[in-house]
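The structure under discussion appears below in the form of structure tokens.
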Amino acid sequence: MYSYSPLQGRRHIRLLRLLPDWNEDAPLRSQLFEYSMCELGDGPHMYEALSYVWGSSERPYTLHIDQQSLPITANLYEVLLRLRNKMIERIIWIDAVCIDQTNMEERGEQIQHMAEIYSKASRVIVWLGEAADESDRALKQIRMSADQEQQKSLLTEEDRQAILSIVQRPWFRRIWVLQEVAAAQHIVMMCGTERIDGYAFCLGLPSLLPYEDIPSHIRSVTYLMRGSIFRPKYKTNSSGGISLDVRPLGGLVDMYHAHEATERHDKVFALLGMSSDNPGASGLSPNYKIPWDELMARLVRFILGEKVLVWSWSHQQAAAIFAKGCVIGIVSSVQMVKDDTRGDRQHVSIQMQDTLGPSWTVPVAVKPIEVGDVFCHLLGATSPMVVRPRGEYFSVIMVQVAPPNNSETESTNSERLVQSGSSSTHDFLLVWDWDHSH
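Going by full-length UniProt numbering, the first residue of the sequence shown is number 1, and it counts up by one from there.
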């Protein structure tokens with residue numbers, strides 16, 4: 001059984017050197033070595049990073065590391081066989097191998113570097129799994145569609161079913177892939193022996209399938225993949241951590257909490273690297289020793305402020321929140337904007353007292369906004385939120401929305417909206433429930 005040595009410095013990681021072999025059936029042999037992320041500057045580093053699904057928790061296969069062995073899952077074994085070269089060694093970062101998964105402290109510390117690891121990789125390899133359900137045919141159709149410069153391609157029913165099978169693979173539902181593809185400078189997607197450039201995949205898919213046939217969680221992944229080539233790779237926050245600066249944490253949770261995670265903690269930790277604020281300063285740094293109910297409570301207080309009272313439970317992905325706040329207005333109309341390039345959005349108009357209030361443009365969250373929903377601002381919060389009346393309580397629809405009119409600072413604009421809305425303060429009993437999102 002492989003025994004890990006402790007890492008020797010901050011921002012140090014391990015990399016896997018996958019050794020070549022002419023024999024495709026030969027055992028997987030490799031070496032692990034320590035690597036400093038800060039020695040070679042900001043450019044891409046000469047390693048690849050793997051994005052994949054662990055799959056079953058069973059580990060029936062073996063990766064030989066130096067003179068020791070490490071049990072690995074079937075899915076990882078399959079992709080390593082595909083990646084192994086006949087003559088040249090390959091340098092790869094793989095979470096299940098390069099992080100000591102039995103060391104909870106190391107796991108939490110290494111997760112803080114994952115945005116940087118994926119952003120500095122020479123490329124990110126997405127492994128969708130072995131060929132099945134005409135997957136070769138599907139990727140060839142998507143590649144051809146991307147080459148045809150947005151001309152709609154004629155599909156047979158067999159082609160359509162093959163493409164639908166590809167996008168229904170588990171990789172697209174995994175919450176960690178969001179950060180991995182958002183950080184990537186170059187993406188190559190693999191399925192069996194077929195490969196396709198990640199940007200070509202994002203161009204070709206919408207040209208082949210109607211909007212309604214592409215599930216929302218697929219569109220969220222392809223939106224991040226397309227945007228990654230235009231987005232600055234990362235920024236350094238005040239505590240020295242690296243962030244991709246996609247949007248505030250509350251907005252990320254609104255959009256992505258329905259994605260799947262092996263551990264509930266990852267529904268928070270997987271989004272920290274994309275956050276434009278600094279949640280680490282409020283006790284939200286990855287730490288798997290924190291009980292789930294405490295992590296949920298910390299998340300609520302980080303987004304809504306310390307004035308709220310929070311109840312959370314160890315067995316539920318939900319929180320009850322008591323707070324005081326003001327009503328800004330009630331949603332009077334909603335228009336969906338379907339956009340593969342900039343991401344799906346909703347244009348929302350609200351009624352403020354006796355006048356029509358401003359229009360808001362918000363990203364489509366797990367729970368879309370509906371007519372009759374309420375925009376409100378809780379005391380102590382930096383941004384408004386959207387809730388839905390449920391009789392004696394309100395259901396949280398979006399926990400954080402950016403005010404309209406980006407020409408003003410968010411806090412100033414929020415204060416102006418509150419002053420324009422109801423002048424009275426109300427008691428709010430809110431339920432934020434991730435288990436019943438739809």
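Ideal placement from N, C-alpha and C gives every residue a C-beta, glycine not left out.
For residue 106 and residue 99, I'd like the C-alpha separation in whole angstroms. 7 Å
In DSSP terms, what residue 351 is bridged to: 330 and 356
Going by C-alpha distance, which of 127, 162 and 30 is nearest residue 190? 127
Bounding residues of the beta strand (DSSP E) (the contiguous stretch that carries residue 13): 12-18
What did DSSP end up calling residue 194 once you bin it into helix, strand or coil? strand
Who pairs with residue 324 in a beta bridge, going by DSSP? 427
Buried versus exposed, by CB contacts within 10 Å (16 or more), residue 45: buried
Residue 352 to residue 50, Cα distance in whole Å? 49 Å
Sequence-distant residues of its chain with Cβ nearer than 7 Å to residue 338 (five each side left out): 211 and 344
According to DSSP, is residue 243 part of a helix, a strand, or is it coil? strand
Where does residue 4 sit, in a helix, a strand or coil, going by DSSP? coil
Thinking C-beta only, is residue 428 closer than 8 Å to residue 297? no
Taking only runs of the beta strand (DSSP E) that begin and end inside the UniProt domain "Heterokaryon incompatibility" (47-180), which ones reach a length of at least 3 residues, in chain order? 61-65, 68-72, 90-93 and 121-127
Decide if residue 20 is buried, meaning its Cβ has at least 16 other Cβ atoms within 10 Å, or exposed. exposed
Residue 117 and residue 13 closer than 8 Å at C-beta: yes
Counted within 10 angstroms of its Cβ, other Cβ atoms place residue 157 as buried (16 or more) or exposed: exposed
Starting from residue 294 and walking both ways along the alpha helix (DSSP H), at which residues does that stretch end? 292-304
Should residue 387 go down as buried or exposed, given a rule of 16 or more other Cβ atoms within 10 Å for buried? buried
Report all residues from its chain with a CB closer than 6 Å to the CB of residue 362; omit the five preceding and five following residues, and keep chain order. 346 and 401
For residue 214, which of helix, strand or coil comes out of DSSP? coil
Should residue 306 go down as buried or exposed, given a rule of 16 or more other Cβ atoms within 10 Å for buried? exposed
Exposed unless 16 or more other CB atoms sit within 10 angstroms - verdict on residue 372: exposed
Starting from residue 385, follow the beta strand (DSSP E) in both directions and report where the run begins and ends. 385-389
On the CB-based measure, 16 or more other CB atoms within 10 Å of its CB, does residue 176 come out buried or exposed? buried
So, at 8 Å on beta carbons, what are the nonlocal neighbours of residue 89 in its own chain, with the 5 sequence-adjacent residues on each side left out? 17, 18, 19 and 20
Measuring CB atoms only, is the segment 327-335 touching the segment 364-379, in the sense that at least three cross pairs come out at less than 8 Å? yes
Limits of the unbroken beta strand (DSSP E) element including residue 35: 28-36
Can you tell me whether residue 433 is helix, strand or coil according to DSSP? strand
Under a three-way DSSP split, which group does residue 381 fall into? coil
Range of the contiguous alpha helix (DSSP H) that encloses residue 272: 266-272
Going along the chain, which residues of its own chain have a beta-carbon closer than 8 Å to the beta-carbon of residue 409, five neighbours each way excluded? Note that residue 409 scores 48 on pLDDT, short of 50, meaning its location in the model is unreliable; the coordinates nonetheless yield the value given after this. Excluding positions up to five away in sequence, the list is empty.
Using only CA atoms, which one of 29, 78 and 161 lies nearest to residue 137? 161
For residue 406, does the three-state DSSP call read helix, strand or coil? With a pLDDT of 48 at residue 406, under the threshold of 50, the modelled position of this residue cannot be trusted; read the value that follows with caution. It is coil, neither helix nor strand.
Less than 8 Å between the beta carbons of residue 114 and residue 179, yes or no? yes
Tell me which residues share the same chain as residue 133 and place their Cβ nearer than 7 Å to its Cβ, disregarding the 5 neighbours each side in the sequence. 162 and 165
Which residues bound the alpha helix (DSSP H) around residue 401? Premise fails: residue 401 is in no alpha helix (DSSP H) and is neither H nor E.
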